[in-house]
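Protein chains: 2
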Amino acid sequence: MARGTEVRISGLGGQGVVLAGVILGRAVVRNGKYAIQTQSYGAEARGSAAKSEVIISDEPISFPKVRRCDILIAMSQSALDTHIKDLKEHGILLVDRDMVKKLPKVQATVLRIPATKAAEAELESRMYANVIMLGALTRATQIVSKEAVEEAISESVPAKTKGKNLKGFKIGYLSLK
Amino acid sequence: MARGTEVRISGLGGQGVVLAGVILGRAVVRNGKYAIQTQSYGAEARGSAAKSEVIISDEPISFPKVRRCDILIAMSQSALDTHIKDLKEHGILLVDRDMVKKLPKVQATVLRIPATKAAEAELESRMYANVIMLGALTRATQIVSKEAVEEAISESVPAKTKGKNLKGFKIGYLSLK
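Which chain is which? The protein sequence lines are A and B, in order.
If you count the first sequence from 1, position 11 lands on 11 in my numbering, and the numbers rise without skipping.
Each number in my numbering comes from the position in the second sequence (counting from 1) with 1000 added on.
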């Protein structure tokens, strides 16, 4: 298996197929190997089918090829510094302004969201900064509808944190009104 | 953005970057579009960096190319029927034997794990079938160490369900003793 081992996990929606893939990917790197973990969503995901793939290798994996992105969300300074070079000209950059203090000059629309601060102030935990960023993303772009993200949040987070996650999403959405 | 929109979410470990990508991928398909959502784990993941990518398209996305897999986990009959053609000869097939009743003849090592039944009997919920399958996978193959998966489970599941998830993993691991 010199070229890497490919593992596919398949099942029904609700069986935790995606979580199993995420766990496996995270475990692999703990063993000093490299992993790419992929979910495809499309026609087949609309029914009840779920699929997650993990490619495991002893070497860095160049597949899928790193491509330039249209939209970059950076939730830390080091993330921004690492990824800004891959943002396309005239792309959209969303940063958590509480975590990213130094912004380079870029040919991009830059949106500074107070995600960590709002999460701590209004939801009592910075763990909700991610859904605040998703809210801002949804408002700022046409890539996905508000309702679709709300439904996806509801099915993806533990029941106990659903209310706060949805509230965080709304905070992010309204932050760009 | 005729060729699809690429979104990269980046930040630190613990900020929910992967979850944000999963939510976005799931939201996109609710809008009738297609998405591929990817995490890469490797050198950069070993620090505290986290990255998740979502490619969004109006058309089915053929990237990353579907390739044949070395190991297939099928947690439902329809999943098996859909994916079995992609399993390499002499690959490893793990099925949840409570969900997969009809096995085709294949040139593969077939392992039938009582995942759903054990999850219900010993953990009071079939939602733990996924970690039971991961336990069996870990025992049956050399792709990842037991300890690494246990650590990855601990960092990936809600604190409240950690004990049952780890117990489920152990049940799956020991099922192939």
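Built from N, CA and C at the ideal position, the CB exists for glycine as well.
Pick out whichever of the options has its Cα sitting closest to the Cα of residue i.
i, options, result
"leucine 94 of chain A", "A:Lys85, A:Ala108, A:Thr82", "A:Ala108"
"tyrosine 1051 of chain B", "B:Arg1067, B:Lys1101, B:Gly1016, B:Thr1141", "Per the sequence shown, the amino acid found at residue 1051 of chain B is lysine instead of tyrosine. It is B:Gly1016."
"aspartate 86 of chain A", "A:Asp98, A:Gln77, A:Glu120, A:Ile71", "A:Ile71"
"serine 1119 of chain B", "B:Val1106, B:Glu1053, B:Gly1004, B:Met1099", "Per the sequence shown, residue 1119 of chain B should be read as alanine rather than serine. When each option's Cα is compared against that of alanine 1119 of chain B, the closest is B:Met1099."
"glycine 91 of chain A", "A:Leu137, A:Tyr173, A:Gly13", "A:Leu137"
"valine 1110 of chain B", "B:Gly1135, B:Ile1073, B:Ile1132", "B:Ile1073"
"alanine 1020 of chain B", "A:Ile113, A:Tyr128, A:Ser57, A:Gly13", "A:Tyr128"
"isoleucine 132 of chain A", "A:Lys105, A:Val149, A:Lys170, A:Ala148", "A:Lys170"
"arginine 1008 of chain B", "A:Asn130, A:Thr5, A:Pro114", "A:Asn130"
"glycine 1013 of chain B", "A:Leu176, A:Glu150, A:Arg126, A:Ser10", "A:Arg126"
"glutamate 155 of chain A", "B:Gly1025, B:Val1054, B:Lys1088, B:Gly1011", "B:Gly1025"
"valine 157 of chain A", "B:Val1022, B:Glu1006, B:Gly1168, B:Thr1005", "B:Val1022"
"arginine 68 of chain A", "A:Ser48, A:Ile153, A:Ile84", "A:Ile84"
"serine 48 of chain A", "B:Glu1089, B:Ala1079, B:Val1018, B:Ala1115", "B:Ala1079"
"lysine 1117 of chain B", "B:Asp1096, B:Lys1101, B:Glu1147, B:Lys1102", "B:Asp1096"
"lysine 1088 of chain B", "B:Val1106, B:Gln1077, B:Ala1152, B:Ser1076", "B:Val1106"
Would you say residue i faces chain B, with C-beta separation under 7 angstroms as the test?
i, result
"aspartate 81 of chain A", "no"
"glutamine 107 of chain A", "no"
"leucine 166 of chain A", "no"
"threonine 5 of chain A", "yes"
"isoleucine 143 of chain A", "yes"
"glycine 163 of chain A", "no"
"alanine 159 of chain A", "no"
Just to make sure I have the definition right: I need the residues of chain B whose C-beta is within less than 8 angstroms of the C-beta of residue i. Which are they?
i, result
"aspartate 86 of chain A", "Arg1008"
"isoleucine 184 of chain A", "The question about residue 184 of chain A has no answer here: the residues shown for chain A are numbered 1 through 177."
"aspartate 70 of chain A", "Met1001, Thr1005, Glu1006, Val1007"
"isoleucine 149 of chain A", "Note on identity: in this sequence residue 149 of chain A is valine, with isoleucine being the wrong assignment. Within chain B, the residues near valine 149 of chain A are Ile1023, Leu1024, Ala1027."
"arginine 67 of chain A", "Glu1006"
Please list, in chain order, the chain A residues whose beta carbon lies closer than 8 angstroms to that of residue i.
i, result
"alanine 1020 of chain B", "Ile73, Asn130, Val131, Met133, Leu134"
Looking at the C-beta of residue i, does it have a partner C-beta in chain A at a distance below 7 angstroms?
i, result
"alanine 1002 of chain B", "Here the model assigns alanine 1002 of chain B a pLDDT of 41, short of 50, so the residue's position is not dependable and the matter cannot be decided."
"glycine 1172 of chain B", "no"
"glutamine 1015 of chain B", "yes"
"isoleucine 1056 of chain B", "yes"
"isoleucine 1092 of chain B", "no"
"proline 1037 of chain B", "Just to set this straight, residue 1037 of chain B is glutamine in the shown sequence, not proline. Yes, its Cβ sits closer than 7 angstroms to a Cβ of chain A."
"serine 1052 of chain B", "no"
"serine 1076 of chain B", "yes"
"arginine 1030 of chain B", "yes"
"leucine 1012 of chain B", "yes"
Please list, in chain order, the chain A residues whose beta carbon lies closer than 7 angstroms to that of residue i.
i, result
"arginine 1026 of chain B", "Tyr41, Ala152, Glu155, Ser156"
"serine 1175 of chain B", "Chain A residues near serine 1175 of chain B: none, gap ~16 angstroms exceeds 7 angstroms."
"alanine 1119 of chain B", "Going along chain A, no residue has its Cβ under 7 angstroms from alanine 1119 of chain B, so there is no contact; the nearest lies around 10 angstroms."
Cβ closer than 9 angstroms: which chain A residues qualify as neighbours of residue i?
i, result
"alanine 1049 of chain B", "Ser76, Ser78, Ala79, Thr82"
Segments assigned alpha helix (DSSP H), at least 4 residues, entirely inside the stretch 1045 to 1113 of chain B: 1077 to 1083
Three CB pairs or more closer than 8 angstroms across the stretch 1013 to 1033 of chain B and the stretch 129 to 146 of chain A: yes
4-residue-minimum alpha helix (DSSP H) runs that sit fully inside the stretch 112 to 154 of chain A, ordered along the chain: 115 to 123, 129 to 140
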